[in-house]
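First comes the structure, then the notes that go with it.
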Amino acid sequence: MLQALVASSLRLRGVVLALACVLLAVGAWDSLHARLDVFPDFVPPEVVIQTEAPGWSAEHVEALVTRPLEAAVGGTVGLEDLRSTSIQGLSILTAVFRDGTDVFRARQMLAELVASAQSSLPVGVHAPRLTPLTSATMDLLKIGLQSETLSPLELRRYAQWTLRPALLAIEGVAGTSVFGGEVERLEIQVLPERLEAFELSLADVVAAARNATGVRGAGFVENDNQRIVVRTEGQSLEPDELARAVVARRDGTSVTLGDVAHVVLAAEPKFGDALIQGKPGVLLTMLSQYGANTMEVTERVERALDELAPAMREAGIDCLPRLHRPATFVEHAIANLRDSLLVGAALVVAVLFLFLYDLRTALVSLAAIPLSLAAAVVVMHRFGVTLNTITLGGLAIALGEVVDDAIIDVENICRRLRENRDAAAPRSAFDVVLAASLEVRGSVVYATLIVVLVFIPVLTMSGLQGRMFAPLGVAYVLAVLASLVVALTVTPAMCLGLFASGKISQREFPLLAWARAAYGRLLARVARHVVLASLAALALALWAASLVPKLGGDLLPDFREGHFVLHATATPGTSLTEMKRLGALISERLLADPRIATVEQQIGRAELGEDPWGPNRSEFHVELAPVSPAEETEVAAKIREVLGSIPGISYDVLTFLGDRIGETITGETAAVVVSVFGDDLELLDAKGREVARELGAVRGAVDVQLAAPAGLPEIEARLRPERLAAFGFTPTEVLDAVETAFQGVIVAQAFRADRAVDIAVVLDPARRREPESVAALRVKSSEGVEVPLGELADVALTQGRSAVLHDGGRRRQTVTCNVVGRDVTSFVDEARARIAKAVELPRGTYVRFGGEAEARAEASRELALHASLTLVGVLLLLSLALGHGRNLALVLLNLPFALLGGVVAAWLGSGSLTLGALVGFVTLFGITTRNSIMLLSHFRHLVEREGCTWNLETALRGARERFAPIVMTATVTGLALLPLAIDSGAAGREIEGPMAAVILGGLVSSTLLNLFLLPSLALRFGRFGRSDAR
Amino acid sequence: MNQRVAIGLGLGLLVLACAKEDEHAADAGHAAVAAANVLGADLEQALALGLAQAVEFDAAPSIETWGRVIVDPGARFTLRAPLAGTLHAEHWPTPGVVLAPTENFASIEPRLGAVERVDLAARRADVERDRAKAQSELENAEHTLARSVALNADAKAVSDRALEEARTRVATLRAEIANAVERAGALAVDTGALSATLALPRGGEVLDVFARPAESVDAGAALLELADLSHPLIEVQVPLGARLVGDEATVASLRDGEHAFHAVVETHVASGAPTAGEVLRLRVDAAAPLRPGEPIVARFQAAGAALHGVELPRSSLVRLAGKTWVYVRDGERGFERVEVVLASETRDGWLTTTERVRGAELVVRGAQSLLSTELLARAGGSGGEEE
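Going down the list, the protein sequences come from chains A and B. Throughout, the numbering used here is defined as the position within the first sequence, counted from one, plus 545. Throughout, the numbering used here is defined as the position within the second sequence, counted from one, plus 1.
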């Protein structure tokens, strides 16, 4: 089949070349119009269900909202994990589905289940809603609004009713959450003493307010000609109008709402707030839609903001449009990677011209690069794979093998054409090119298939690691397969076209000629001392193996996004005001560093926002001015220093992607997550604290936090039935009064143009600031008996909890931390040992580790398992390619030696094995195997086809003949990866940098071993053809 | 040579390995320093705390209750129409106007039918005719009497008897004229020529107006309601179980809490419900601008000893484990959390008698952050609560 393909390509070389040109054009078009993103979509299919239960405590939300919903959705087909968080007033369920699940179908299923469960939820709980489907990175753009002239109420009104709708209308924007400012509502702030003076109750006020603000439809009148709609107006829309509404008559005079309450346009109770540059403002966070292109949508949003800018200026609003712009990282990352690829490609071109020393030969080899990459891009584009740093990385590391395919072919064809020209009876150029191409093609096909096989473990990894690295494998494999096709079709066709008639250069790069001669001499000496050389290699391999345990393990490296996400958490119960004060302090100290451009703080949560946080938790987004990677590390340290100077908070510092990846793995943002499962919340808290203490004692632990700490101050009013009976109250009368007083009751909506403003009855703010005011609240029964709440209920300050967490329907307490100055894997190992020793867990309670370390361990396990399965296939292919068990053993023995360079490179570099570095080893395995196959196949060819006797001379000849391709391939691959490896900390190179370093290191050792040890060992132990000899 | 290269390479790698170990050691030291975290005095700057000296405060035990101004039934007066007719007044009062007692406050023009009016006119004409006739006869009679007197004096040209008859005639005519005038006057009242004048026997503030000038009213109809509000009466309900000392209270309008007035309990009214507190009526003993229906707050002195303590600003209080705490600065040692018992609420905070905070420097800004710091340190950085 191969022969037919190559022969056809040679015969129809014009068509082949024309098709190659078309492929190049399509590839270029697709590259220019491809979706650009930082990473592939690394988030599993997940659906978030939010249910508001205004005023309810976390325990009530857990029991009455979260539990029924969990029971309803628990059995959904494809559900992999079900996590929940119940906080005061809100239940959040996160349903994570198995990879490959159609997320739209999953949403549909959940929506139906949730709708059926809705009837079982208590009165007062809002309808559950599914949050918008967003992309992996979620955040699209954060913008801040500030004004010297507008009040917080007016600023929020502008953001909510003018800006937000305009932004939501943009294609690709999934949602916009708004923090800060004040949401307006008409508030009837009841003065309890006046109620008492007029002998009225809160219920009277609520009823009067409802009567004053109703909206009714009025039907229509219709005659023979027309139907005319009747509209009634008369709703009290302004505070003054509403204040005149009559509540009751006393002593012949009317008592109005204004007599018993302040009727004002006030701010809704806040769930969260925002500071921008340390000052109050309104923060809008736009979320990108699932499948949307970050760059395109960002550009659309920015265009819309530009259009709105004059109106904002006119309104006295300052807009900070880039508080967080993930697109900037995409731009930098893609640009850096593109630069690396271009520099690498330029180096490859230079090296090829130097080594091949002939313009036409170099041209044929070079042509393989764009053709193979274009083919890979076209296929990926057609299958909806985005161009991102991962796929581009895959293409970058494939560069060496792509060129290698062409070099092997061209080099062999040229050699055979030269030999043919000197032959007594030269054959036709067609026959020579066909034969030369087929001569090496068998080995190349085997080698390529092995490389593809080697990447199967990467392609089949599950979870985050799979979603992250499979596209790299896809790009790599596609490029390598494309290069094989190019080598089978275009390369022979070009060779025939260029070399058939013209003179083939005999010249050789002088340095290469000298090196080959020196190599021959050196190899002869090594071959004579093969035992010594083997022992030296073995010693080095053992030393490298001893380094492996010292290498730490990180799932992913730190990303250089030019942006940091900080979480600051004070003790539960801390007010928004205090968090704002601390936030202003932190912002001021951060902004004192000129390398920090902007700081914004979002406190608590936005109304129906994504993060279920109480007011005691803040998230800061710190955008840096353009800085180098080293400076970025310094700024991170500076940020930690600033946060460390505020002792009242626990904190963590992450990059945005690190934050998202952490959330993807465990729902938490930290690198290490330890969950304690059990039923008793008090026990979980106690054990959680013990785990936290042990975790904090492990070297490298920073940002140790309990995810759901207890200690939320609560005022518990427990009704006393005997007192209720004595005074003639019903429980709901009392509960309604307390709800109205402290939570507030929405009685109606006032409509102003296209806006709806709530009208609420609530206690006067000054009367609900003190805990003591709860017991003092005067409650009036329907029979007119009025007593303080303290007479009807035991009112006491107690301790509650800010959140109740579930995973898989079980209660859990979670301890999180980050690791500084060491690798996460060794940290987790140590922490696991400490916790096992120091924390005693009663029956039914158990600890589970999660987070980055677990994900990496899982990835390593999967890699090892899949690799061992793949190994069987590799062995089969190798035995087919090499033809003898001994030769197979030689290749396999050679592999550990080849990998030692990679280990040393990793150790000298970050000292840690990220998942990217592990993938680098996989690549290295492929490259080394390929080189070994090519060398041993050549030996076999010399013996079997050319009739040489297998001895030192043949071995030296074979090695010398393979010297140039091996060195060239190694140099080309090395130079292609060099720009990635150097400055591997730069944006976009964080994952590929360590990978490139490992491959580079491995290439050095692999090439040396392929050049010196493998021929020497093959000479002694190899078996080729019929006349085996030592 | 190869061996030397290998040894060199090995040494180089060894040096690198040692350097990496040193890095780990340095990190460990840093972690140990960072672990030490106490509530030191340096927190004042780190957390930008605000401090204030605790202020001594005295407070008598008091009870606050709410009620409203009512109209005193004893000071209420209703002006009614004496007869049916049309009300006439030059300045008719509006509610809220204070009136003094007066004799001529308004008038009422009687209300008559058409036949009555004709009859009255005929009768008035008869009277007028009779009066005119008598008047003219009186002039003749007086002239005759004067001539008779002169003739009688001049030698008795007219007899004494004739003289006496002339005198009788004059007196009779004068009586007839007086009678006619009297009858004419009576008829004039009924026909509106003389309206009935309304007097205001008691002054006070107009509470309600039931009729307007030019309005026709029935006899006995209410025209105005007035009350003397110069010393307002206030009704309040005292909470159940409250023990008051004395009969005096301070009252203030809830709408305008600036001005307080002294009041004395005037009457005790049964509330009518066993679960309700006692209802009191208080009389403000000075003129006070309090309106009927106006909500007021009344403060009574309660039984118990006067409190002498410290006023804690609201911002200094933190609640933890069911208790109330403040942070006080203990010189250079740092900040200490002190439990306080809140005795009563004051205008700007709470009164406590806890001795420990007397004269202390209180944290009035950032107390919650101090609490957070303390709990965080205790829980080993995890933010948990162990109180």
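Every residue gets a Cβ at the ideal spot worked out from N, C-alpha and C, and that includes glycine.
Leaving aside the five residues that flank Asp575/A on each side, the residues in its chain whose CB is nearer than 6 Å to its CB run, in chain order, Val922, Val923 and His926. The Cβ of Gln1344/A sits closer than 8 Å to at least one Cβ of chain B. Interface annotation, Gln302/B: not in contact with chain A, CB-CB separation never under 8 Å. Under DSSP, Cys864/A takes part in a beta bridge, and its partners are Leu690/A.
Below 8 Å, enough C-beta pairs join the segment 62 to 71 of chain B and the segment 278 to 297 of chain B to call them touching: three or more. Using a Cβ-Cβ cut-off of 7 Å, Thr374/B is close to Pro1192 and Gly1193 of chain A, given in chain order. A straight-line Cα-Cα distance of about 10 Å links Asp1230/A and Ala1252/A. With distances taken between CA atoms, Leu1522/A lies nearest to Ile1544/A out of Ile1544/A, Gly759/A and Glu956/A. Assigned with DSSP and collapsed to three states, Val1249/A falls in strand.
Within the same chain, and ignoring the five residues on either side of Ala1541/A in sequence, the residues whose Cβ sits closer than 6 Å to its Cβ are Leu1522, Leu1525 and Ala1526.
Measuring C-alpha to C-alpha distances from Arg1234/A to each of Val1392/A, Leu1444/A and Leu1460/A identifies Val1392/A as the nearest. Between the segment 716 to 723 of chain A and the segment 898 to 914 of chain A, the count of Cβ pairs shorter than 8 Å is below three; the stretches do not touch.
Spanning the alpha carbons of Leu609/A and Pro667/A requires a straight line of approximately 7 Å. For Phe724/A, the uninterrupted beta strand (DSSP E) run begins and ends at Val718 to Gly725, by DSSP. Interface with chain A (8 Å Cβ-Cβ cutoff): Pro83/B is excluded. Exposure of Cys566/A is indicated by the presence of fewer than 16 other C-beta atoms within 10 angstroms of its C-beta.
By the Cβ criterion, the segment 962 to 972 of chain A is not in contact with the segment 1017 to 1029 of chain A, since fewer than three pairs of Cβ atoms, one from each stretch, lie closer than 8 Å.
For Gly987/A, the uninterrupted alpha helix (DSSP H) segment begins and ends at Ala974 to Val999. Comparing C-alpha distances from Glu1164/A to each of Gly1193/A, Asp1204/A, Arg1140/A and Pro1171/A shows the shortest one belongs to Asp1204/A. For Gly1256/A, the nearest beta carbon of chain B is closer than 8 Å to its own beta carbon. Taking 8 Å as the cut-off, the Cβ atoms of Asn1555/A and Ser1482/A do not count as close. With respect to Ala1082/A, Phe1442/A sits close: the two C-beta atoms are nearer than 8 Å. Nearest to Val1172/A by alpha-carbon distance, out of Arg1140/A, Ala1451/A and Ala603/A, is Arg1140/A. In this structure Thr325/B is in contact with Val341/B, their Cβ atoms being roughly 6 Å apart against a cut-off of 8 Å. According to DSSP, Met831/A shares a beta bridge with Leu686/A and Thr721/A. Look at Pro62/B: its C-beta is not under 8 Å from any C-beta on chain A.
For Ile178/B, the nearest beta carbon of chain A is not closer than 8 Å to its own beta carbon.
At least one C-beta of chain B is nearer than 8 Å to the C-beta of Leu1127/A.
A Cβ-Cβ separation of about 30 Å leaves Ala1271/A out of contact with Gln1344/A under the 8 Å criterion. Looking at the DSSP output, Pro1333/A shares a beta bridge with Arg1323/A. Secondary-structure assignment with DSSP links Asn1161/A through no beta bridge to anything. Contact between Asn881/A and Pro585/A does not hold, since the beta-carbon distance rounds to 18 Å and is not under 8 Å. For His869/A, the secondary structure class from DSSP, reduced to helix, strand or coil, is strand.
Check the Cα spacing between Arg1268/A and each of Val1279/A, Glu1261/A and Pro1258/A: the tightest is with Val1279/A. The C-beta of Gly205/B comes no closer than 8 Å to any C-beta of chain A. Relative to Leu1033/A, the option among Val1517/A, Arg730/A, Arg1565/A and Val561/A whose CA is nearest is Val561/A.
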